[in-house]
Structure formats: C-alpha cells, structure tokens
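S.K.: First the structure, which I've put down as structure tokens, then a few questions once you've had a look.
Chains as they are written, first to last, in the UniProt record's numbering: chain A, 1 to 303; chain B, 1 to 303.
Set out below in structure tokens:
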C-alpha cells in the first residue's frame with residue numbers, strides 16, 4: 001500500500017523500484033553532492049574549537065565553537081571547561097520550540113576563576129570581517145544579505161555589518177537583561193524554529209554538529225513560562241564538558257566542514273532550493289538560511 | 001549573579017525589580033496583547049475540527065484541523081477516527097529537526113472502510129479562496145506574499161495561488177512518492193525549523209495547538225535515515241485518537257483563535273517583529289511567517 005509507506009522515501013528506495021528504462025537520472029541531493037565532494041573540499045575543524053558534552057547515558061553532543069566570532073566568550077568557555085566549574089553542570093531548561101539550556105542550575109555559583117566576568121557584546125562585526133563571504137543567492141526574512149564565510153559559518157547582514165543567525169542547533173551564551181552579556185557558564189541551543197529576533201541581542205558561540213538529539217529530545221519544562229525544570233530531579237546531569245584538544249589524541253573526535261568557497265558547496269545550495277527526485281512535485285526555488293546548514297562530517301579515517 | 005539567571009527573563013520579573021521611577025512602561029509582548037484582547041476578538045474553533053491524540057501517560061496533543069483547506073483528506077481523517085482504525089496507532093518515526101509521524105507502523109493494514117483511497121492533491125488554492133487574507137507586512141524567504149485568513153490560518157502565496165506553510169507544529173498527510181497524496185491514515189507534524197520546501201508537495205491538514213511536547217520531546221529514531229524507530233519497542237502507543245465533537249459535551253475541550261481581522265492581531269505582528277522590554281537591544285524589524293503563529297487559547301470558562 002503505497003500510502004502506508006513513510007513520507008520522504010529515500011531516493012535510493014525509488015531507484016531500486018522498477019522504473020521505465022527511460023527514467024531520467026534523479027537529481028542528486030545536497031547530501032549526495034557533499035558525500036561525493038573531493039577531499040580538498042573538506043577542511044578540518046580545530047580540536048580547540050570542539051566542545052564535547054558527555055552525558056551519563058553515553059550520549060555526546062559536539063559543539064563547534066565559532067572562535068573568530070566571539071573570542072572573549074570562547075576564551076571564557078575554554079577556561080571554564082578546564083577549571084572543573086562544569087563538574088556539576090546540568091541541563092535545567094528545555095522550552096519547546098525554543099531553547100535547551102545548561103550550566104549552573106543553582107544560579108548561585110561564583111564564576112570560574114580567571115574568566116572575564118563582563119565580556120564585550122560580541123554580537124556583530126563589519127561585513128567581511130571573517131573573510132569574503134560566499135553570497136547566498138536566496139532571500140532571507142530578516143537580513144538583506146546573507147552568505148557563508150570561508151571558515152564555514154552562515155552569516156546574516158546588510159553589507160555593512162554581519163552577524164551569526166540563530167538557526168536550529170546554534171549555541172549561545174545565556175544572559176540576564178541588557179546590557180549584561182553573560183560569561184559563557186550557561187549556554188543554550190536552539191531546538192525549534194529559528195528565533196532570529198535574538199540575532200544581535202545575544203552572543204552566539206557555536207553550533208551543535210553532532211549528537212543534537214541529546215539536547216533536543218528531552219522532556220520540556222514548565223517553570224516560569226521559560227521551560228525551566230521545576231522539579232530538580234528532571235535536570236539532566238552532564239558527566240563531562242571538555243575540549244577535544246584537551247583529550248589524548250587517541251580519544252579526540254575529528255570533524256570537517258565543507259568549504260563554502262567550493263563549487264560543490266554552491267551546488268548543495270541549489271540542490272536544497274530546488275529538490276529533485278520522485279518525491280517533490282513543486283521545487284521551492286528558495287531556501288531559508290537556516291535550511292542551508294554548512295555540511296559537516298566526521299573526518300574519514302586516514303588510509 | 002545576574003549572568004546566572006536564565007536568559008529571556010520575563011517582563012514581569014523586570015518590572016518587579018527596583019527601577020528608576022522614570023523608567024518607561026515596557027512595550028507589551030504579543031502574548032500580553034493577546035491576553036488583553038476583548039472577547040469579541042476571539043473566535044471559537046469548531047469541535048468537529050479538533051482531533052485529540054490521547055497518550056497512555058496522560059498527555060494529550062490537540063490538532064486543529066484546517067477543514068476548508070483539505071476537505072477530502074479531513075473527511076478521511078474524521079472517518080478513520082470514527083472507524084477504530086487508529087486503535088493500534090503508534091508514533092513510529094521521530095526525525096530530529098524534521099518530523100514526528102504516527103499511524104500504522106506495520107504499513108500493512110488495509111485502509112479504513114469508507115475513505116477516499118486516492119484523494120485529490122489538496123496542496124494549493126486560488127489566492128483569497130478562504131476569505132480576504134490580512135496581509136503580513138514582513139518579508140518571507142519562500143513566497144512573495146503571505147497573510148492570515150479570517151479563519152485563522154497563515155497562508156503563503158503569490159497573489160494568484162495560496163497554500164499552507166510547513167511551520168513548526170503544522171500537521172500533514174504522510175505519502176509515498178508523487179503523485180500519491182496519502183489517505184490521512186498516517187500523519188506527521190513538524191518538530192524543527194520549518195521545512196518550507198515541502199509546501200505545495202504534501203497536503204497539510206492542521207496544526208498542533210496544545211500538547212506539542214508529547215510529539216516533539218520523544219527520542220529520535222535512527223532507521224533508514226528517516227528517524228524510524230527500528231526497535232518496535234520504541235514506538236509510542238496512542239491510546240485514543242478522537243474528534244472533540246464525538247465526545248460527550250462535558251468532556252469536550254474548547255479552543256479559540258485570535259481573529260486575524262482585528263486590530264489586536266495586527267498589533268501582535270508588530271510586537272513580534274520589534275520586541276520591546278529590557279531584554280532586547282536590537283529589534284529585528286522583521287519576523288518569519290513561522291514566528292508569527294496565530295494565537296490560540298483554551299476557551300475561558302463561561303461566567
């Protein structure tokens with residue numbers, strides 16, 4: 001019964017079905033294009049920029065730190081990770097269609113030693129400050145110009161300033177009311193439709209590139225209209241928060257991103273905006289910036 | 001320690017803090033505007049258009065059916081609900097940042113008696129077909145025009161055609177490859193950033209207006225690259241799927257939507273695009289269509 005199959009059948013499934021001999025080759029998907037990209041199109045992510053959240057149940061979330069975008073906050077984050085301050089960190093807030101937040105649920109711990117307690121507002125930069133961005137040809141609801149830096153980050157802007165967008169999986173620094181900027185001790189990630197109104201109002205410091213489900217599939221909280229876990233027993237302990245660079249080399253995970261300044265990256269944009277294959281009838285001819293994540297993968301084992 | 005407070009403190013919290021007497025009155029939020037709206041700005045949702053998913057653990061998800069947008073599919077859904085066909089329904093697919101899907105995990109059940117096995121592609125309509133839409137003044141990444149029908153639905157379109165957008169919480173009919181349209185026996189809801197590329201490619205039939213967490217906070221599946229639960233034990237049984245109208249009046253939940261053709265609704269749009277209060281430093285001046293959900297509430301108890 002065809003209608004009882006799950007939606008969004010894989011192209012592969014379609015190709016194994018009996019097709020007329022004249023059936024055109026299905027247009028490759030963005031994932032297929034990325035998988036076929038030459039090794040030179042992939043760039044390594046520095047292990048200093050990989051923050052690992054290890055949960056008691058064995059799950060791991062991997063955050064790619066946007067080092068060049070929020071250097072003061074990320075210096076704090078590295079210091080906090082090395083200090084042991086996160087030894088009793090928990091996930092204490094999960095608000096549906098918004099954010100999951102972790103750090104010090106008590107809100108009472110003194111800040112970790114050696115951090116900048118009042119880092120500057122690392123919210124926006126001059127357009128092009130992080131290298132010449134590859135332009136995104138598709139319209140954005142929030143910013144007149146968007147693109148992708150050579151270093152692998154989507155940026156929104158207006159040709160004068162640029163900033164990181166609050167897309168699904170982006171990680172930011174929890175803060176109190178303006179002009180506080182937060183220290184980095186409490187972080188959140190977006191688990192719903194992109195709350196782009198937060199852009200330029202909070203410091204974004206990275207992106208979850210693996211193990212997102214450990215943060216998104218948690219029970220929602222009910223406290224304070226903010227998704228706080230009112231019952232402390234709901235808090236999810238994080239066994240360890242560590243930089244990949246601080247692990248022995250044999251234990252370090254390694255990741256790569258698809259370089260935006262490559263033809264294959266441009267092809268992935270087009271493939272996402274105009275999806276081919278036997279499922280789609282009407283191509284969108286458009287793609288939201290947050291539906292154009294820069295592809296990331298685990299580094300292939302050396303041969 | 002101000003930076004240890006959760007982000008996004010409520011306006012209420014800010015107002016209770018010591019403020020200089022000259023502090024300006026904070027701009028009301030969209031939620032505050034809706035809460036203060038006159039009773040006449042709210043319209044009742046027909047109980048025939050409320051589909052209830054009752055889970056074994058007591059959670060309930062409430063789906064508002066978009067009856068005028070997909071009449072053939074929704075006739076099927078009402079027939080299926082009354083037939084008992086969903087008696088063994090489960091959630092069998094949860095794909096992170098995409099969809100949760102439920103229905104017949106076996107993919108082998110014959111369709112429910114009396115349904116249209118091949119409903120038409122209810123994907124788009126003439127612009128204005130559902131009443132004169134209130135224009136959304138903000139730019140959309142996918143469609144040149146967007147708005148809100150008097151009946152409470154966000155629509156995207158181009159001035160000739162209009163269609164429902166795949167926003168967070170929207171419910172669609174799972175189908176196999178085109179031109180199959182699905183029957184309504186298997187449904188999904190969006191649990192991540194809006195996959196608007198699905199617009200006009202699948203029949204949308206409603207919106208989750210309450211109890212979304214029962215569908216979004218589930219463990220993610222790993223099967224087939226589609227989030228299928230490979231282990232059948234992970235499937236989440238749905239104890240009952242029933243129309244509110246088919247319950248005794250005393251057991252019927254009642255909901256209302258804020259009428260888009262009211263001044264207060266227009267004010268909520270502006271309040272979402274340009275957030276005030278002590279948290280936001282830079283107003284977005286924009287709002288994605290999927291960040292502008294038509295407000296819905298439980299009907300107040302009669303006095």
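Built from N, CA and C at the ideal position, the CB exists for glycine as well. A quick note: this is a predicted structure, and the numbers were derived from the prediction, not measured.
Which of the residues in the region 199-217 of chain A, read from start to end, lie with their CB under 8 Å from any CB of chain B?
M.R.: Going along the region 199-217 of chain A in chain order, one finds 199, 200, 201, 202, 212, 213, 216, 217 with a Cβ nearer than 8 Å to chain B.
S.K.: How is the alpha helix (DSSP H) around residue 77 (chain A) delimited, first residue to last?
M.R.: Per DSSP, residue 77 (chain A) belongs to the alpha helix (DSSP H) from 71-83.
S.K.: Using a Cβ-Cβ cut-off of less than 9 Å, give me the residues of the region 253-269 of chain A that come near chain B, in sequence order.
M.R.: Residues passing the 9 Å Cβ filter: none.
S.K.: May I ask you to report which of helix, strand or coil DSSP gives residue 53 (chain A)?
M.R.: DSSP places residue 53 (chain A) in strand when its eight states are reduced to three.
S.K.: Do the region 247-267 of chain A and the region 97-114 of chain A touch if we need at least three Cβ pairs shorter than 8 Å?
M.R.: In short, these stretches do not touch, since the Cβ pair count stays below three.
S.K.: Looking at residue 200 (chain A) and residue 124 (chain A), is the spacing between their C-beta atoms short of 8 Å?
M.R.: Contact: yes.
S.K.: Please check if any C-beta of chain B sits within less than 8 Å of the C-beta of residue 72 (chain A).
M.R.: Answer no: the Cβ-Cβ gap between residue 72 (chain A) and chain B never drops below 8 Å.
S.K.: Could you pull out every unbroken alpha helix (DSSP H) segment of at least 4 residues lying fully inside the region 186-240 of chain A, listed in chain order?
M.R.: Fully enclosed alpha helix (DSSP H) runs of 4 or longer: 213-216.
S.K.: Short of 6 Å in beta carbon distance, which residues of its chain neighbour residue 27 (chain B), apart from the five on each side in sequence? Order them along the chain.
M.R.: Answer for residue 27 (chain B): 276, listed in chain order.
S.K.: Against chain A, which members of the region 130-150 of chain B pass a CB distance test of less than 9 Å?
M.R.: If the cut-off is 9 Å between Cβ atoms, the region 130-150 of chain B has 138, 139, 140, 141, 142, 143 near chain A.
S.K.: Closest to residue 227 (chain A) by C-alpha separation, out of A:97, A:31, A:42, A:40, would be which residue?
M.R.: Nearest C-alpha to residue 227 (chain A): A:97.
S.K.: Please report the distance separating the alpha-carbon of residue 222 (chain B) from that of residue 285 (chain B).
M.R.: If you take the alpha carbons of residue 222 (chain B) and residue 285 (chain B), they lie about 39 Å apart.
S.K.: Kindly indicate if chain B contains any beta-carbon less than 8 Å away from that of residue 271 (chain A).
M.R.: Judged by the 8 Å Cβ criterion, residue 271 (chain A) is not in contact with chain B.
S.K.: Closest to residue 169 (chain B) by C-alpha separation, out of B:61, B:256, B:232, would be which residue?
M.R.: Out of B:61, B:256, B:232, B:61 has the C-alpha closest to the C-alpha of residue 169 (chain B).
S.K.: Taking only the alpha-carbon atoms, compute the straight-line gap between residue 293 (chain B) and residue 45 (chain B) and give it to the nearest angstrom.
M.R.: Taking the straight line from one Cα to the other gives about 16 Å.
S.K.: In angstroms with no decimal places, state the Cα-to-Cα distance between residue 311 (chain A) and residue 262 (chain A).
M.R.: Shown here, chain A extends from 1 to 303; a query on residue 311 (chain A) therefore has no answer.
S.K.: Run the CB neighbour count on residue 230 (chain A), radius 10 Å, all protein chains shown included, and call it buried at 16 or more, exposed below.
M.R.: Counting Cβ neighbours within 10 Å, residue 230 (chain A) comes out exposed, since fewer than 16 surround it.
S.K.: Locate the beta strand (DSSP E) running through residue 90 (chain A), then write down its first and last residues.
M.R.: Its beta strand (DSSP E) spans residues 90-94.
S.K.: Leaving out the 5 sequence neighbours to the left and right, which residues in its chain are closer than 7 Å to residue 310 (chain B) when beta-carbon positions are compared?
M.R.: In the structure as shown, chain B starts at 1 and stops at 303, and residue 310 (chain B) therefore has no counterpart that could be examined.
S.K.: Classify residue 36 (chain B): buried if its beta carbon has 16 or more other beta carbons within 10 angstroms, exposed otherwise.
M.R.: By the 10 Å Cβ count, residue 36 (chain B) comes out exposed.
S.K.: For residue 250 (chain B), which three-state DSSP category applies?
M.R.: Looking at residue 250 (chain B) - three-state DSSP - the assignment turns out to be helix.
S.K.: Under DSSP, the beta strand (DSSP E) around residue 173 (chain A) begins and ends at which residues?
M.R.: From DSSP, the beta strand (DSSP E) with residue 173 (chain A) extends over 170-173.
S.K.: Cβ closer than 8 Å: which chain A residues qualify as neighbours of residue 279 (chain B)?
M.R.: 177, 178, 201, listed in chain order.
S.K.: Measure the C-alpha to C-alpha separation of residue 71 (chain A) and residue 153 (chain B) and round it to an integer number of angstroms.
M.R.: Taking the straight line from one Cα to the other gives about 43 Å.
S.K.: Return the Cβ separation of residue 117 (chain A) and residue 183 (chain A) in integer angstroms, given the expectation that the two are a contact with Cβ distance under 8 Å.
M.R.: With a Cβ gap of about 6 Å, residue 117 (chain A) and residue 183 (chain A) count as contacting.
S.K.: For residue 10 (chain A), decide whether its Cβ has a neighbour in chain B, counting only Cβ atoms nearer than 8 Å.
M.R.: Model confidence at residue 10 (chain A) stands at a pLDDT of 35, short of 50, so the residue's coordinates are unreliable; what they give is reported in the following sentence. Output row for residue 10 (chain A): interface = yes.
S.K.: Tell me residue 242 (chain B)'s beta-bridge partners as DSSP assigns them.
M.R.: Its beta-bridge partners are B:52.
S.K.: Bridge partners of residue 146 (chain A), per DSSP?
M.R.: Answer is A:156.
S.K.: Measuring only between beta-carbons, confirm whether residue 3 (chain A) sits less than 8 Å from chain B.
M.R.: Note on residue 3 (chain A): pLDDT 32, under 50, position unreliable in the model; the coordinate value appears next. Residue 3 (chain A) counts as touching chain B.
S.K.: Name the one or two DSSP bridge partners that residue 127 (chain A) has.
M.R.: According to DSSP, residue 127 (chain A) bridges with nothing at all.
S.K.: Taking DSSP as the reference, what is the three-state secondary structure of residue 325 (chain B)?
M.R.: Residue 325 (chain B) cannot be examined here, being either before or after the span of chain B that is shown, 1 to 303.
S.K.: Starting from the Cα of residue 329 (chain A), find the closest Cα among A:269, A:86, A:139 and give me that residue.
M.R.: The structure shown has nothing for residue 329 (chain A), since chain A only spans 1 to 303.
S.K.: Given that residue 284 (chain A) touches chain B, what residues does it touch there, using C-beta distances under 8 Å?
M.R.: Simply 142, 196, 197, 199.
S.K.: Just the chain A side, please: which residues come within less than 8 Å of residue 219 (chain B) by C-beta, in chain order?
M.R.: Those are 213, 217, listed as they occur along chain A.
S.K.: Which class does residue 272 (chain A) belong to by DSSP, given the choice of helix, strand or coil?
M.R.: Helix.
S.K.: According to DSSP, is residue 282 (chain B) part of a helix, a strand, or is it coil?
M.R.: Three-state DSSP puts residue 282 (chain B) in coil, outside helix and strand.
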